[in-house]
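I have placed the structure first, in the form of structure tokens, so that the comments after it can refer back to it.
Number of protein chains: 4
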Amino acid sequence: MNNAVRICMIGAGRVGKNHSRALISSIPAAKCVALVDPDAAMLAETASEFSYEYQFASLDEALDKVAFDAVVITAPTFLHKALSLQAAGAGKHIFLEKPMALNLQECDDIIAAAQQQGVILQLGFMRRFDPEFVAAASRIAAGEIGQPMLVKSLTHGPGMPPGWARDLKTSNGMLAEVNSHDWDCTRWLMGSNFERVYAEVANFKGSKYNIEADHFYDTALVNIRFENGGLGSISGVCPCGYGYDARVEIVGEKGIMQIGELKGQAIVVCTDRDQGLITPIYRTWPERFEMGYIRELEHFVNCIQSGSPPRATGLDGRWAVAGVLAATQSMLEQRPVYLKEIL
Amino acid sequence: MNNAVRICMIGAGRVGKNHSRALISSIPAAKCVALVDPDAAMLAETASEFSYEYQFASLDEALDKVAFDAVVITAPTFLHKALSLQAAGAGKHIFLEKPMALNLQECDDIIAAAQQQGVILQLGFMRRFDPEFVAAASRIAAGEIGQPMLVKSLTHGPGMPPGWARDLKTSNGMLAEVNSHDWDCTRWLMGSNFERVYAEVANFKGSKYNIEADHFYDTALVNIRFENGGLGSISGVCPCGYGYDARVEIVGEKGIMQIGELKGQAIVVCTDRDQGLITPIYRTWPERFEMGYIRELEHFVNCIQSGSPPRATGLDGRWAVAGVLAATQSMLEQRPVYLKEIL
Amino acid sequence: MNNAVRICMIGAGRVGKNHSRALISSIPAAKCVALVDPDAAMLAETASEFSYEYQFASLDEALDKVAFDAVVITAPTFLHKALSLQAAGAGKHIFLEKPMALNLQECDDIIAAAQQQGVILQLGFMRRFDPEFVAAASRIAAGEIGQPMLVKSLTHGPGMPPGWARDLKTSNGMLAEVNSHDWDCTRWLMGSNFERVYAEVANFKGSKYNIEADHFYDTALVNIRFENGGLGSISGVCPCGYGYDARVEIVGEKGIMQIGELKGQAIVVCTDRDQGLITPIYRTWPERFEMGYIRELEHFVNCIQSGSPPRATGLDGRWAVAGVLAATQSMLEQRPVYLKEIL
Amino acid sequence: MNNAVRICMIGAGRVGKNHSRALISSIPAAKCVALVDPDAAMLAETASEFSYEYQFASLDEALDKVAFDAVVITAPTFLHKALSLQAAGAGKHIFLEKPMALNLQECDDIIAAAQQQGVILQLGFMRRFDPEFVAAASRIAAGEIGQPMLVKSLTHGPGMPPGWARDLKTSNGMLAEVNSHDWDCTRWLMGSNFERVYAEVANFKGSKYNIEADHFYDTALVNIRFENGGLGSISGVCPCGYGYDARVEIVGEKGIMQIGELKGQAIVVCTDRDQGLITPIYRTWPERFEMGYIRELEHFVNCIQSGSPPRATGLDGRWAVAGVLAATQSMLEQRPVYLKEIL
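Chains as they are written, first to last, in this note's numbering: chain A, 374 to 716; chain B, 374 to 716; chain C, 374 to 716; chain D, 374 to 716.
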């Protein structure tokens with residue numbers, strides 16, 4: 374395809390692989406031209422797996438050596454601002470993974486850079502592109518369940534996050550790294566911003582995993598009050614072991630809606646009546662949101678080709694960060710925290 | 374309760390226990406006064422378990438020694454006619470387990486005896502009293518899915534039936550002993566009688582169980598054409614091992630209806646993402662149809678008290694036997710058999 | 374039955390009818406001898422519907438005029454203490470509906486009276502007798518999902534509660550009247566007492582219903598920290614309109630368990646592909662917990678007959694009241710409240 | 374992509390559109406270069422929708438005017454042989470929709486032509502590429518449910534097939550046009566060929582649709598005996614109205630497996646407790662088998678690129694045709710028909 378959007382993938386880890394696969398296998402309108410990662414071994418492995426023609430240790434090099442239209446940033450959160458500003462400065466469109474950044478100032482800087490350079494900035498909130506979430510949001514917007522009163526969203530992930538992602542010194546912890554999608558989708562589906570939040574956390578598995586980070590937690594439960602008076606709940610459990618679990622339940626003035634389910638495939642087996650029925654669960658996030666990842670990247674490519682603004686914007690990313698910051702403060706200070714305290 | 378219906382339970386085996394439990398634990402309007410079984414050990418055990426005041430080796434003795442209003446006959450099929458005629462002759466109301474009898478002449482004799490003596494004759498088709506089947510039948514009758522075109526019913530049971538029940542010399546085999554409910558409920562839900570049937574059977578497990586009965590089969594699949602032009606399917610697998618499975622699916626001119634499910638309890642557990650979700654299955658028929666058994670016996674008691682005719686009649690029992698006979702002939706002769714050939 | 378437990382039902386309203394039906398239709402070991410209600414019309418109606426031999430305007434009269442062994446108290450919460458003390462004083466065993474009382478002093482008085490008089494005191498926490506909850510609790514206790522880390526329980530009810538039940542002047546509001554079962558079952562399933570709670574509430578429907586009670590809310594979301602470090606969530610929506618919804622989800626160190634479901638019957642129908650599949654929902658609490666109500670009353674009767682202590686004790690009732698009081702204070706003061714502040 | 378497989382799509386109707394969409398949107402390794410259809414209006418519409426560069430009224434023209442590697446044949450069944458032989462003669466690889474042909478001689482001719490010309494011949498049995506069917510087949514092959522004893526497969530489609538497809542003069546009727554996938558997948562999953570079949574059909578809707586074709590039926594039920602002694606059932610209902618329904622259930626010596634479900638999306642809504650829960654159903658075959666269609670065409674492209682033989686072969690297509698022919702004869706002659714009678 375002559376006018377395929379040329380992409381430089383930044384980050385050769387799990388998310389970089391996932392997005393490379395989606396782009397290369399399923400999106401004819403995109404072309405992955407370069408892969409960037411400072412970890413040489415991982416860079417080589419992923420470049421080989423997806424037959425990347427060019428691979429670089431840094432975005433600098435990539436910008437210097439090869440032509441492309443856009444970056445897909447899957448590097449750790451603490452690198453998001455620098456990479457985004459560099460990409461925007463070079464006129465590259467930006468697909469930025471969640472969480473957007475470590476604090477609101479960084480979010481603002483990224484948004485400003487994209488605006489000033491006139492590049493597209495899309496956040497990696499794939500739930501907004503998952504066929505079920507899209508259909509559900511559309512039906513809510515059409516009034517099917519009335520005004521949402523209560524929205525509950527959860528993300529429980531199977532494996533322990535990397536060290537930087539669970540330490541409040543280098544990240545905003547699980548509430549950011551695991552629950553970003555819940556922050557975004559509760560706000561999206563409620564149609565209102567957060568007013569105040571209250572968070573409880575628990576540490577059941579830290580000692581088993583020899584985790585010494587201060588304030589480590591593996592279980593979190595957040596209570597949200599929205600500006601429109603609606604209520605919300607976010608739960609995070611990581612590592613949960615049992616699978617990848619991402620579900621939402623909403624009660625509106627007229628009724629209830631459930632989005633998503635534990636079941637990963639419509640195959641039911643029973644071979645032992647004392648054990649019972651067995652059905653596959655979603656094992657991982659790439660399985661659960663396979664279509665969501667493809668659709669969000671297709672959307673990014675389409676926005677670049679058509680010049681239209683993306684769904685899942687920098688402002689959405691900023692609100693998710695704000696929720697995380699308020700909840701983290703709530704957890705540390707054991708009190709409800711108003712968003713206006715930190716905005 | 375002064376005017377409780379006094380019942381003599383005939384048969385101390387699994388069905389006799391099940392019906393005793395339903396009557397004694399859940400039906401205040403009934404009183405179990407006597408238990409009859411020629412097997413002394415089983416008689417003693419069941420009498421003890423349910424605190425029967427009187428126990429007898431034969432219905433003769435029971436009739437001679439104790440006053441009661443009705444019998445519940447759970448003895449083997451080949452004894453149904455003799456027991457029914459004896460009970461009717463003594464003016465006792467009759468609750469008769471399926472299959473009704475070995476052949477149509479026996480059915481006719483039982484029906485005639487009950488009519489002549491003016492006693493109630495109710496067949497043990499508990500699906501007709503299961504809350505889900507009752508609701509479904511009512512909705513079909515109200516036209517919700519339009520004229521039924523295709524009805525599929527299955528009964529797959531976990532354990533090997535007793536010797537007499539799987540041998541065509543002493544019973545009509547699994548199509549009768551296991552699938553009687555399917556014969557009854559397909560006819561009930563289709564609202565039409567059988568016109569012709571075609572049956573295929575298979576024997577996968579006989580050698581493993583050292584079964585030497587001629588014509589033994591553990592898997593059966595029957596194709597039915599109804600008088601109204603509708604089609605039907607019955608499947609039987611016994612022993613199936615995996616649980617007790619009794620489900621129906623109906624396609625009507627306007628839509629589809631499914632009745633029943635494999636799931637036995639709304640408890641879902643996952644502790645291993647490679648294994649997946651685990652949900653209880655119905656393990657046994659007493660579990661699956663617990664309410665159906667209570668409701669059918671309540672109905673029997675109510676009919677006696679009110680003098681009203683029962684649902685699930687002798688004629689229904691006769692049609693189920695007719696279907697079995699035609700299907701057995703079909704299986705033996707490897708051709709479709711018309712009901713008119715045997716009626 | 375000679376030694377049937379004779380019961381005086383107090384309260385002729387919805388719960389009194391429900392429990393009368395369970396006792397009379399399904400529990401041969403009980404005998405409903407008298408019905409008490411100050412509302413003459415309701416008394417007459419319910420007495421007629423269930424063929425009560427005796428009916429009285431007050432417990433005084435009943436105690437004076439007829440012999441019985443036990444009371445089942447379904448009167449409004451603010452009458453629980455007086456009725457319980459009167460019954461205990463007369464040596465009658467007590468089955469007491471939730472919420473136990475308005476405050477902890479009342480709870481203590483009831484517990485003390487029952488102890489002093491040596492009568493059984495059972496609280497109406499039917500979830501502890503529902504077959505699914507019983508099986509689930511047993512499996513959790515056996516370690517199947519490991520140590521519970523997070524338990525979520527919800528009760529969403531279809532209709533607006535009566536005036537006294539939604540006004541904080543005469544009750545403890547929806548958190549008590551609707552969510553009592555959640556307070557009890559989260560504590561039961563977590564195996565730990567509440568340490569602190571934080572509650573958010575919302576009022577979406579009050580103006581539509583012209584409700585002028587101070588602090589009225591129709592939506593509530595409670596965040597719980599248990600003494601063992603576990604977390605919990607309770608949500609209440611009433612009136613929710615869409616059905617009766619009571620479900621629990623628990624994440625333990627080894628896995629997840631879901632108890633209950635929206636689906637009320639295993640009947641699936643589709644007649645319009647644009648509309649989709651239709652499945653019955655539980656419409657009301659008597660439908661959802663039909664077996665739980667029968668089982669809890671059987672248990673009460675059995676405890677009386679055998680002299681054994683009941684599951685679902687006065688202490689359980691007291692803890693549920695304590696949780697409600699802490700959550701109500703949290704909601705009013707907009708801060709987390711420790712149970713030790715009110716115990 | 375330099376070595377993209379160049380495809381000439383034959384047929385601009387529903388299937389041609391579906392396969393064009395899959396190839397163009399989701400398969401970077403393929404390039405749709407030409408579209409062929411004798412219907413000028415449909416040709417223009419589909420060519421425009423998918424931006425085909427070349428469009429022709431016949432395969433002759435396409436072969437004459439443009440270079441390509443393979444054809445995807447979605448034309449009516451009665452054209453399959455001629456188109457396949459022409460394509461094979463020109464050295465083009467062939468993806469051929471089901472049913473393969475009208476009779477076994479045509480199947481043999483197609484297979485022979487492909488073999489002689491050394492081109493790949495893949496049949497459009499997308500169930501063999503659907504992730505759920507693939508996983509299920511793999512688990513059966515691994516012995517999870519033991520030797521299959523009974524396999525039931527159904528295809529119920531929403532709309533009335535075109536005239537040629539429901540008339541036995543121009544096609545083999547619904548058993549071929551709608552149920553081809555059931556013929557293929559029962560044989561695949563049972564791991565055995567058909568030995569004999571018995572078919573019943575019914576015509577409930579023909580008069581409503583003014584269909585005058587001889588032997589028209591809208592409901593079919595086939596009973597299969599496999600060479601290995603296993604039993605099978607195929608049901609077809611078309612038009613069924615309620616959605617697109619394609620499910621399989623298999624009982625093996627060790628247990629049961631269900632593949633597929635009615636539910637089309639994991640979104641559950643309830644806004645009216647008298648109506649109940651509403652869940653989307655699969656409305657159409659492109660929805661249900663979206664991934665299956667993509668995967669089968671990817672497989673075709675991969676086989677061409679790698680020179681490896683396809684799953685879903687001409688022989689598989691031939692067996693499905695044989696089953697249809699035997700069942701049609703059974704239906705016309707009202708007797709079981711052995712495959713050996715027609716092979």
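Quick reminder that beta carbons are idealized off the backbone N, C-alpha and C, glycines included.
Less than 8 Å between CB atoms is the rule here; does B:P735 satisfy it with respect to chain C?
Since the first and last residues shown for chain B are 374 and 716, residue 735 of chain B lies out of range.
Are B:K636 and B:I654 touching if we call contact CB-CB under 8 Å?
The answer is yes: Cβ separation under 8 Å.
Any idea what DSSP makes of D:D481, helix, strand or coil?
In this structure, D:D481 counts as helix in the three-state DSSP scheme.
Note the first and the last residue of the continuous alpha helix (DSSP H) segment covering A:G687.
Bounds of the alpha helix (DSSP H) holding A:G687 are 687-706.
Listed in chain order, which residues of the segment 595-615 of chain B have Cβ atoms closer than 7 Å to some Cβ of chain D?
Those residues of the segment 595-615 of chain B that come within reach of chain D (Cβ to Cβ, closer than 7 Å) are N596, R598, G602, G603, L604, S606, S608, V610, C613, G614, Y615.
Positions along the segment 379-404 of chain C whose CB lies within less than 8 Å of some CB in chain B
Cβ proximity to chain B below 8 Å picks out I397, S398, S399, I400, P401 from the segment 379-404 of chain C.
Unbroken beta strand (DSSP E) runs of length 3 or more, entirely within the segment 490-568 of chain B: which are they?
Entirely contained in the segment 490-568 of chain B, the beta strand (DSSP E) runs reaching 3 residues are, in chain order, 494-496, 521-529.
In terms of residues, what are the limits of the alpha helix (DSSP H) holding D:D433?
Bounds of the alpha helix (DSSP H) holding D:D433 are 432-438.
Three-state secondary structure assigned by DSSP to C:I380:
C:I380 falls in the strand class under three-state DSSP.
For C:E426 and C:V406, which I take to be in contact (beta-carbon distance under 8 Å), what is that distance rounded to the nearest angstrom?
Contact flag correct, Cβ pair sits at about 6 Å.
Comparing the C-beta of D:I654 with each C-beta of chain C, is any distance below 8 Å?
So yes, D:I654 belongs to the interface.
Of all the CB atoms in chain D, is at least one closer than 8 Å to the CB of A:I518?
Interface residue, yes.
Per DSSP, C:T592 forms a beta bridge with which residues?
Per DSSP, the beta bridge partners of C:T592 are C:A575, C:V610.
Pick helix, strand or coil for C:I715, following the three-state DSSP scheme.
Residue state, collapsed to three classes: coil.
To the nearest whole angstrom, what separates the beta carbons of A:M664 and A:A509, a pair I think is in contact under 8 Å?
A Cβ-Cβ separation of about 14 Å leaves A:M664 out of contact with A:A509 under the 8 Å criterion.
Kindly identify the DSSP beta-bridge partner or partners of D:K404.
Paired residue(s): D:R379.
For D:A619, which of helix, strand or coil comes out of DSSP?
Under the three-state reduction of DSSP output, D:A619 falls in the strand class.
Chain A within 8 Å of D:C480, Cβ atoms only:
It does not; no Cβ of chain A falls within 8 Å.
Hey, D:R609 and D:R656: beta-carbon distance below 8 Å or not?
First, the amino acid is wrong: residue 609 of chain D is Gly here, not Arg. For D:G609 and D:R656, no; Cβs fall outside 8 Å.
So, are the CB atoms of D:A487 and D:A461 less than 8 Å apart?
In this structure, D:A487 sits near D:A461, with a CB-CB distance shorter than 8 Å.
So which residues on chain C does D:I651 lean against when the C-beta distance must stay under 9 Å?
Taking the beta carbon of D:I651 as reference, the chain C residues within 9 Å of it are Q648, G649, L650, I651, T652, listed in sequence order.
Using a Cβ-Cβ distance cut-off of 8 Å, determine whether C:E573 contacts chain A.
Under the Cβ criterion of 8 Å, C:E573 is counted among the residues facing chain A.
Where does A:G605 fall in DSSP's three states?
Of the three classes helix, strand and coil, the one that applies to A:G605 here is strand, per DSSP.
Between the alpha carbons of C:D555 and C:P535, how many angstroms are there, rounded?
For C:D555 and C:P535, the distance between alpha carbons rounds to 20 Å.
Selected residue, minimal CA-CA separation from C:A586, among C:W658, C:M547, C:E600:
Nearest to C:A586 by C-alpha distance, out of C:W658, C:M547, C:E600, is C:M547.
Restricting to Cα atoms, I'd like to know which of C:F423, C:S393, C:A395, C:I383 is closest to C:D412.
When each option's Cα is compared against that of C:D412, the closest is C:I383.
Taking just the CA atoms, how far does A:R569 sit from A:E706?
Cα-Cα distance, rounded: 14 Å.
In the DSSP assignment, find the alpha helix (DSSP H) that holds A:F673 and state where it starts and stops.
Where A:F673 is concerned, the enclosing alpha helix (DSSP H) starts and stops at 663-679.
Kindly list the residues whose CB is nearer than 7 Å to the CB of B:D689, restricted to its own chain and excluding five residues on each side of it in sequence; keep chain order.
Beyond the five residues adjoining it in sequence on each side, B:D689 comes within less than 7 Å, by CB distance, of L496, F498, D557 in the same chain, given in chain order.
Count the other CB atoms, across all protein chains shown, that sit within 10 Å of the CB of D:S679; report buried if there are 16 or more and exposed otherwise.
It is exposed - the Cβ of D:S679 has fewer than 16 other Cβ atoms within 10 Å.
Taking the alpha-carbon positions, what's the D:H529 to A:V445 distance?
In this structure, the CA atom of D:H529 is about 43 Å from the CA atom of A:V445.
Where D:R394 sits in the DSSP three-state scheme:
The three-state secondary structure of D:R394, taken from DSSP, is helix.
Given B:S703 as reference, the closest of D:Y571, D:I623, D:I607, D:L716 once Cα atoms are compared
Among D:Y571, D:I623, D:I607, D:L716, the Cα nearest to that of B:S703 is on D:Y571.
How would you write the range of the alpha helix (DSSP H) that D:A420 sits in, first residue to last?
That run of the alpha helix (DSSP H) goes 413-422.
Beta-carbon within less than 7 Å of D:L396's beta-carbon, same chain only, minus the 5 sequence neighbours each way: which residues are those?
Excluding residues within five positions, the ones whose Cβ falls inside 7 Å are I380, A403, C405, L670.
Check the Cβ of A:L635 against every Cβ in chain B and list those closer than 8 Å, keeping chain order.
Residues of chain B whose Cβ lies closer than 8 Å to the Cβ of A:L635 are, in chain order, V641, C643, L650.
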